[in-house]
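Below: one structure, written as structure tokens.
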Amino acid sequence: MTMASTPGSAGEESTESATDRTTSESALETARRQLHHAAEHLDIDPNVVERLRHPKTVHEVTVPVERDDGTVEVFTGYRAHHDSVRGPYKGGLRYHPEVTRDECVGLGMWMTWKCAVMDLPFGGAKGGVAVDPKALSAEERERLTRRFAQELRDVIGPNRDIPAPDMGTDPQTMAWLMDAYSMQEGETIPGVVTGKPPVVGGSEGREEAPGRSVAIITREVCEYYDRPLEETTVAVQGYGSVGANAARLLDDWGGTVVAISDVNGAMYDPEGIDTASVPSHDEEPEAVTTYADTVISNDELLTLDVDVLVPAALGNVITEQNADAIAAEFVVEGANGPTTSAADSILAERDIVVIPDIIANAGGVTVSYFEWLQDINRRAWSLERVHDELETEMQAAWRAVRTEFERRDVTWRDAAYIVALSRIAEAHETRGLWP
Ligand code: GLU
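Using our numbering, read the sequence shown as starting at 1 and increasing by one per residue.
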């Protein structure tokens, strides 16, 4: 089992290290700016926007863990519940030293929009523990996870809040969480978390789903702008579950992947990389550069003259500092929050098409929804069915976003937010404010 340990905000397990964090804005700041920007285009009740600026609750817990040497170390964990107007809270748990309350709130807001843009019956949440998982043994990670599950026991549940993997956590982490929760409840409750191994109620295709949705959306964007995939070059930052799966699918579908990277740097080959022959982070951690003839830095990868850039590792990698140097025509966000709001404006002025995270990497939570349905119905789906239904859901979300993009002449990010916000606002207005 491998554990990624990196700052920032990836759509799933990430493989990158931080670059310059001093200029970055917090996930919460970015999420709030994006909310206001999109709300300007919509005739929604300002009171609803005001409510959506804030989380419903943020649970902060203390997680004492016995280290292998017998000493006890105390960690802080969070679970931010943002909004549940459309259904139970949903979102990942990350293990990372820089996890904070505000980061969880910002990332939880993105989950609310992501579930709404995909029209899933879920709200948004995010949580995590401020810990470096690489510094723990597997046994310590298990004890941490079981104790964290116990601390969150009253606030999670299959109809209440359903966690999933995120940076630094993986299917095994979810299996421990499910087991700890089930043992305390006295019955096996697989639907309390998603992203589990299939043998304990996980879904086929869940691990590769965020990367698959990035590839599907990249294919749709290329088609929309009349660019055959066979003539498209792609650079992918991050070779974890999002980046590697996206790169391999795009390679299979005829695209030319010229650069891939991990924490140590990027492999570059203008002729095209055989992505299947380079192990992903899960297969062999941080090994990309050892397979490369030409190594460039992660910063250089971001500014390569390619058609499509897929930042699939960290948050805040496209900033005011490098937005002018981005040479790609299309940016498809595999990570959560890879573009700061200042950078977003620069890219928009430069007519660079940015497809936002809340649709591009939404395959993860969409297959999480399929997993939850399978758990509740006690009936597993085939991989083929998962692929077919994911394709259908991605197409439907893409059509909805494309309609707003064309109708309102806004950016793709604003179009996706408009779809999400309209659905959330309508639900809030229909339910009303209690009491
Ligand atoms: N952590 C993933 C995300 O950011 C998946 C969340 C989920 O499946 O609930 O979208």
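A virtual CB, placed ideally from N, CA and C, is assigned to each residue, including glycine.
In its own chain, which residues sit with a C-beta less than 6 Å from the C-beta of Val48, not counting the 5 before and 5 after it? As a position in the sequence shown, residue 48 is number 48, starting the count at 1. Cβ within range, chain order: Ala425, His428.
Contact between the region 156-171 and the region 118-129 (3+ Cβ pairs under 8 Å): yes
Beta carbon of Arg141 nearer than 9 Å to that of Cys104: Working through the sequence shown from its first residue, we reach residue 141 at position 141. Working through the sequence shown from its first residue, we reach residue 104 at position 104. Contact flag unset, no.
Strictly by DSSP, which residues pair up with Lys90? As a working note, residue 90 is residue 90 in the sequence shown. Answer is Ile162.
Comparing C-alpha positions only, which one of Ala287, Arg146, Arg408, Met118 sits nearest to Ser182? Taking the sequence shown and counting its residues from 1, one reaches residue 182 at position 182. Here the closest residue by C-alpha is Arg146.
Mind checking whether the beta-carbon of Ala420 lies closer than 8 Å to any heavy atom of the ligand GLU? On the sequence shown, position 420 is the one that residue 420 refers to. Ala420: no, Cβ never under 8 Å from the ligand GLU.
When every heavy atom of the ligand GLU is checked, does at least one fall within less than 8 Å of the C-beta of Pro163? Taking the first residue of the sequence shown as position 1, residue 163 is located at position 163. Indeed, a heavy atom of the ligand GLU lies less than 8 Å from the Cβ.
Have a look at Asn245 and Gly205 and give me their C-alpha separation to the nearest angstrom. For the purposes of this step, residue 245 is taken as the residue at position 245 of the sequence shown. For the purposes of this step, residue 205 is taken as the residue at position 205 of the sequence shown. If you take the alpha carbons of Asn245 and Gly205, they lie about 11 Å apart.
Could you name the residues of the same chain whose beta carbon sits closer than 7 Å to that of Val488, not counting the 5 residues immediately before and after it, in chain order? The structure shown does not extend to residue 488, since the chain is modelled only from 1 through 435, so no value can be given for it.
Classify Ala27 as buried or exposed, calling it buried when 16 or more other Cβ atoms lie within 10 Å of its own Cβ. The count along the sequence shown starts at 1 and reaches residue 27 at position 27. Ala27 comes out buried.
Report yes if the C-beta of Phe166 is less than 8 Å from at least one heavy atom of the ligand GLU; otherwise report no. In the sequence shown, counting from the first residue as 1, residue 166 sits at position 166. Going by the sequence as given, residue 166 is Asp instead of Phe. Yes.
Which of helix, strand or coil DSSP assigns to Gly432: Here residue 432 is taken as the residue at index 432 of the sequence shown, counted from 1. Note: Gly432 maps to coil in three-state DSSP.
When the Cα atoms are used, what is the spatial distance from Ser368 to Ala180? Taking the first residue of the sequence shown as position 1, residue 368 is located at position 368. Taking the first residue of the sequence shown as position 1, residue 180 is located at position 180. Each residue's Cα considered, the two are about 20 Å apart.
From Arg153, Glu187, Gly202, Thr188, residue whose alpha carbon lies closest to that of Met174: On the sequence shown, position 174 is the one that residue 174 refers to. Closest option to Met174, Cα to Cα, is Gly202.
Considering only heavy atoms of the ligand GLU, does any lie closer than 8 Å to the CB of Leu107? To locate residue 107, count along the sequence shown from 1; it is residue 107. Yes, the ligand GLU has a heavy atom inside 8 Å of this Cβ.
Using only CA atoms, which one of Ala209, Asn159, Thr169, Ala215 lies nearest to Pro190? Looking up residue 190 in the sequence shown gives position 190. It is Asn159 whose Cα lies nearest to the Cα of Pro190.
Which stretch, first to last residue, makes up the alpha helix (DSSP H) that contains Gln321? In the sequence shown, the residue the question calls residue 321 occupies position 321. From DSSP, Gln321 is part of no alpha helix (DSSP H); its letter is neither H nor E.
With a threshold of 8 Å, establish whether the CB of Met111 neighbours any heavy atom of the ligand GLU. For the purposes of this step, residue 111 is taken as the residue at position 111 of the sequence shown. Flag set: Cβ of Met111 near the ligand GLU.
Should Gly8 be labelled buried (16 or more other beta-carbon atoms within 10 Å of its own) or exposed? As a working note, residue 8 is residue 8 in the sequence shown. Summary for Gly8: the model assigns pLDDT 35, below 50, so the residue's position carries little reliability; its value from the coordinates is reported in the next sentence. Looking at its Cβ environment, which holds 16 or more other Cβ atoms inside 10 Å, Gly8 is buried.
Alpha carbon to alpha carbon, how far is Ala380 from Asp324? Taking the sequence shown and counting its residues from 1, one reaches residue 380 at position 380. Taking the sequence shown and counting its residues from 1, one reaches residue 324 at position 324. Distance between the alpha carbons of Ala380 and Asp324 is about 48 Å.
Between the Cα of Gly70 and those of Ala362, Arg143, Tyr225, Thr188, spot the shortest distance and give me the residue it belongs to. To locate residue 70, count along the sequence shown from 1; it is residue 70. With distances taken between Cα atoms, Gly70 lies closest to Arg143.
Close beta carbons around Thr112, own chain, < 6 Å, minus the five adjacent residues each side: What you label residue 112 is simply residue 112 of the sequence shown in a count that begins at 1. The residues are His82, Asp83, Gly123, Gly124.
Among Asn298, Glu393, Pro228, Thr290, nearest to Ala259 - alpha-carbon criterion: Residue mapping note: residue 259 aligns to position 259 of the sequence shown, counting from 1. The candidate whose alpha carbon is nearest that of Ala259 is Asn298.
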